[in-house]
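Going by this note's numbering, 670 is the number at position 559 of the sequence shown; the sequence numbering is gapless.
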Amino acid sequence: MRQYLKSGAAAIALMSLTGAMMPAHAQESGDDANGDGLNFLHPYRGDINPFYGDINPFQGDINPFRGDINPFYGDISPFWGDINPFWGDINPFYSDDSNAFWGDDSPYGSDISPFWEEIGPIWGDLNSEWNEAAAGGGDFVTIAEGMNAVIDRAESVFGAAIQEQTGQNMDEAFLGDLMARFGIDPDDPDSLASVSVGQRSEFFLTFYDSLMGFTGVDHVDHWMPAINWSPAMAASYEWGWAPLVGVLDFSVNSVDYRSFRGQRGERDYLGVNHGNAVASLIGAPVDGAGVMGVAPHAAMHFYNPFDESHTASWADVAAGVESLAKGRTSVINMSLGVRGWTLHQNWADVFRQNRVERYADGVTFVIAAGNGGRAQTVDLDWTGVSVLDNLILVGSVDPMGNISSFSNTPGEACLLTNGVCETGSRLMDRFLVAPGELILVDDGEGGVTRVSGTSFAAPLVSGAAALVKGWWFWLDGSEVADVLLLSARDLGEPGVDAVYGHGMLDVAGAMSPLDSDNLYGLDRRNNPVEAAELIITGGRLSLRYSNRRYVTVFEDIGDSFRDFSIAVDDLIVGSSLADSVANAYAEQYIYERTSASLNGTRFSDINSASRVLSQRGNLTVTATASTLDPSNVGYARDLGFHAGVELTDTESGRSMKFGVGEGALALSSQTGFNLFSDHRPESGGVNPVLGFASGGAYAASTFDMDGELQVSFGVTTTHEQALYVMPGTGEERALFDSVAPYQAFAANIDLSYPLSDLVTVNGSLTQLHEATGLLGAQGGSMLALEGGADTTGLTFGLDAQPSARISLSASMTMAQTRTTAFDGGLLDIAERIASTAAQVSVGYQALFSNNDGVRFSMVQPLHIESGALGYTGMAVTDRETGELGVQSDTWELGGRRPVYAEVIYATQLGSSDRRLSVFSRQQLSGDAQASEFSAATSGVRFEMRF
């Protein structure tokens, strides 16, 4: 909160909230509660001292700056500006105040984060040495020197800011009083002997809080990563509906005006900062100072049921609940109760009253479980009480995630209806936990303090409820409660248990789908479409600005629903598996490149064996078996090799061939591209339209026309499914259950004409039909691309042999893709897709010897030049009511043109039994994230045969 931290140790000391408890009026679990207004309620605070006995989380080896509650580990450091996911786009260094010491030379972005990263471990080491010295009555001189080094370093980093704000140095501003309070004098090492472990931790945490008051940034606290909350996440939901949170607590004397919506009941400030503390955890803004709340955009309406005795009757509580509920609050936080009870019977009387019940359905009630350290053993009569599904009870855990020693728990107690414990009515079914120890809060006097108790775990849950309600404002109170309970992170015994209930509050989990298997989309006719496995896989489908395009999915909760927008970028399999995909392709590619054989001036992956099956007159029948493309996952994969049969009329030159395997190579008339990768759409530039359908059955017929013009008609097919092999069993399973096998069919007409003995040109027209994909890509669930896309490709090629040692081959393809709509109903092609591919390869034989050769290639794999997909589905158009409307969007296709340069060299070393192969491939342009290969790939292979 934008309030200056008061100078002096008193303003920032770690204090319990003292006073105001009246033990004579406290109810115990076995006491009779009659609801006559004579049973007094107390805020859960008082004698919970953060630094005594079992409540101190810093005993033994637990150190606040080493381990899970270090506020400066990993991604939650607030000092890395916009690149830090903890802050997102929030600038933690802005301020409405003009402080000259910031300027252009602000030390904050560069010095503070390294300071805490350095000092945290140093303090941990000092603490360990301190323990050893205290146990053995040892020498404290080294420890005192270490403390002086820490203080000097802090002065160098924070001194200018402290001087600017207070006109004093660090010692004068707070450090002198702080050390005097703990009896610490670094100049007198013997003074350290009497400082306990708890006092040391209190001192250092107070030292941290004091320095953070001069940084111009909000305080990062240990509860934030514990419940998966960050200011960046909270800010991303601020453009939803602003929820109103009711706070049934002590009057407040200072609340940010942006969140304050009024105060009723006992309006005078009673000198107790309990209300301020609770409110700050619910909704303190991210404004560069003090505490941050879970729902910074939430508004708060206060009602104080307590009087000067710091107690309240049940009638006062009922009046407060009624006032807040009918004031259109969505969440009511109640950090109060009867000592010894997790939930008191008189709450039933409060909720039964017509004046409360009338407004209850739309409210989520959050009640602190209390600080007696007891498990409830008494069932409650809940007959006729409507408040059940919208009720949440909150216990406290320590910074390590263990139930706090002071926290009440649900036990096996139940809320009975006509004497029966119905499903979902146990206290544990309405119970979860949140951090409640050493929580940094607003002290009500312009500063901050640390407190412990279930009172301060409950507002974290209320803030989370406000976030959920604010984004999905149409949810009722029970649905908001369900979201929080069902998204909680399980602790203790598996499932709902008698200590932790549903487990730890998880804010990020609450703002995410509860079960991705239950997600669905809605088409333009409002029909549900399954969205359990929402992905886009493989192929050459590249989207511009995919991180700015969204798909809307829904999940049912209670009688309503929630919507979620998922960036298309997150749905592309390559975005999450980029490393593994690149590695797999690279390994395969390296193997192919270093094993390619050199035949004259041309490199080839094809090792074949053929046999004449029949020869009668002019007709010859030949069977051929050859190497199969390692990436082939079509029908030929089970066979293990490319198999074909060719019938040739030796007199007329006519031929017909058919088989299973590499249809793209079999149908191509170009002689210079004999590597499998030349014909793959992702790695080569030779008619990739035909390559999409390669891998299954193929057939072709060739004949000469009008002299030397050769004409070929051919078809090729593929049927592929992405599979993975179960380790150990070898069982093959579908990689994506919701993605149909890829099926494609291509028809090809090829014309080849020799311009001379050295130069041959060719052209081909290819018609591709993809039954379940689009340019090799496939979609799952509501993004399924089944129904077909048709692509027409025109390819021009050239093969030339300028000399006996040099060969040149070139190919260029232009294609257009069209369709009307895919079967899923959410996607169609809004603009025809234009794509191109090209490759030029030059071979040179006898570079260094008569037995070597090199091939240099420039490759542009299939690249989308223009086009767009159209997305049409239902989305929420009114975040207050949840009204749905048609969402239409255009996903522009394209990206940077991918271009690769590649060199392959092979030679025999002395004899044909020894062979050396070297290759290198370099990406010259293109989108790095769309590449199946590293930007640079090289390999060497030495082969010796015996």
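Idealized CB from N, CA, C, for every residue including glycine.
- A Cβ-Cβ distance of about 7 Å is found for the pair TYR809 and LEU778, placing them in contact under the 8 Å criterion.
- Cβ contact annotation for PHE907 (same chain, cutoff 7 Å, sequence separation greater than five): GLY874, MET923, in chain order.
- By the Cβ neighbour-count rule, TYR982 is buried, with 16 or more other Cβ atoms within 10 Å of its own.
- When the beta-carbon positions are compared, LEU630 and LEU595 stay at least 8 Å from each other.
- Here the alpha carbon of LEU578 sits roughly 51 Å from the alpha carbon of ASP301.
- Rounded to the nearest whole angstrom, the CA to CA distance from THR453 to SER892 is 46 Å.
- In the DSSP annotation of this structure, the continuous segment of the beta strand (DSSP E) that includes TRP1002 starts and ends at 994-1003.
- Collapsing the DSSP output to three states places PHE714 in a strand.
- DSSP places ARG844 within a strand segment (E or B) once states are collapsed to three.
- Taking each of ALA804, ASP680, TRP425, ASN384 in turn and checking the Cα distance to ASN364, the smallest one comes out for ASN384.
- The C-alpha of LEU355 lies about 14 Å from the C-alpha of ALA471.
- Remark: C-beta atoms of LEU879 and VAL872 do not approach each other more closely than 8 Å.
- In this structure the region 953-966 does not touch the region 655-666; the number of beta carbon pairs closer than 8 Å is below three.
- Here the C-alpha atom of GLY484 lies approximately 13 Å from the C-alpha atom of ASP509.
- In terms of Cβ geometry, PRO570 and ASN387 do not form a close pair [threshold 8 Å].
- For a cut-off of 8 Å, the C-beta gap from PRO639 to LEU633 is around 6 Å, short enough to register as a contact.
- The shortest CA-to-CA distance from THR827 to any of LEU776, GLY603, ALA833 is the one to LEU776.
- For ARG561, the enclosing beta strand (DSSP E) stretches over residues 559-562.
- The Cβ atoms of LEU499 and LEU526 lie closer than 8 Å to each other.
- Annotated as proximal: THR1001 and ALA979, with beta-carbon spacing under 8 Å.
- The beta carbon of VAL1010 sits closer than 8 Å to the beta carbons of MET969, VAL970, GLN971, GLN1034, LEU1035, SER1036, GLY1037 from its chain, once the five residues preceding and following it are set aside; these are given in chain order.
- Straight through space, the alpha carbons of HIS408 and PRO396 are spaced by roughly 7 Å.
- Per DSSP, reduced to three states, the secondary structure at HIS974 is strand.
- Inside the region 265-336, DSSP marks whole alpha helix (DSSP H) runs of 4 or more residues at positions 287-293, 308-323, from first to last along the chain.
- Between GLY506 and the set ASN529, GLY547, ASP492, the nearest pair of CA atoms involves GLY547.
- By the neighbour-count criterion, in which a residue is buried when 16 or more other Cβ atoms sit within 10 angstroms of its Cβ, ILE944 is buried.
- For PHE517, no alpha helix (DSSP H) run applies, since DSSP gives it neither H nor E.
- Ranked by how close their Cα comes to the Cα of THR440, the residues PRO342, LYS580, VAL402, ALA1017 have LYS580 in first place.
- If you look at MET344, you'll find it isn't in any beta strand (DSSP E); it sits in the alpha helix (DSSP H) that goes 342-346.
- Ranking LEU1020, THR738, ASP460 by CA distance to the CA of TRP425 puts ASP460 first.
- The three-state reading of DSSP puts MET403 in coil, since its state is none of H, G, I, E or B.
- PHE907 has GLY874, MET923 as its beta-bridge partners, per DSSP.
- Under the three-state reduction of DSSP, TYR1016 is assigned to strand.
- In this structure, VAL756 places its C-beta atom within 8 Å of the C-beta atom of ALA734.
- Collapsing the DSSP output to three states places HIS455 in coil.
- Apart from sequence neighbours up to five positions away, the residues of its chain that approach ALA479 with a beta-carbon distance below 6 Å are TYR155, SER446, VAL505, THR565, SER566, ALA569, ordered along the chain.
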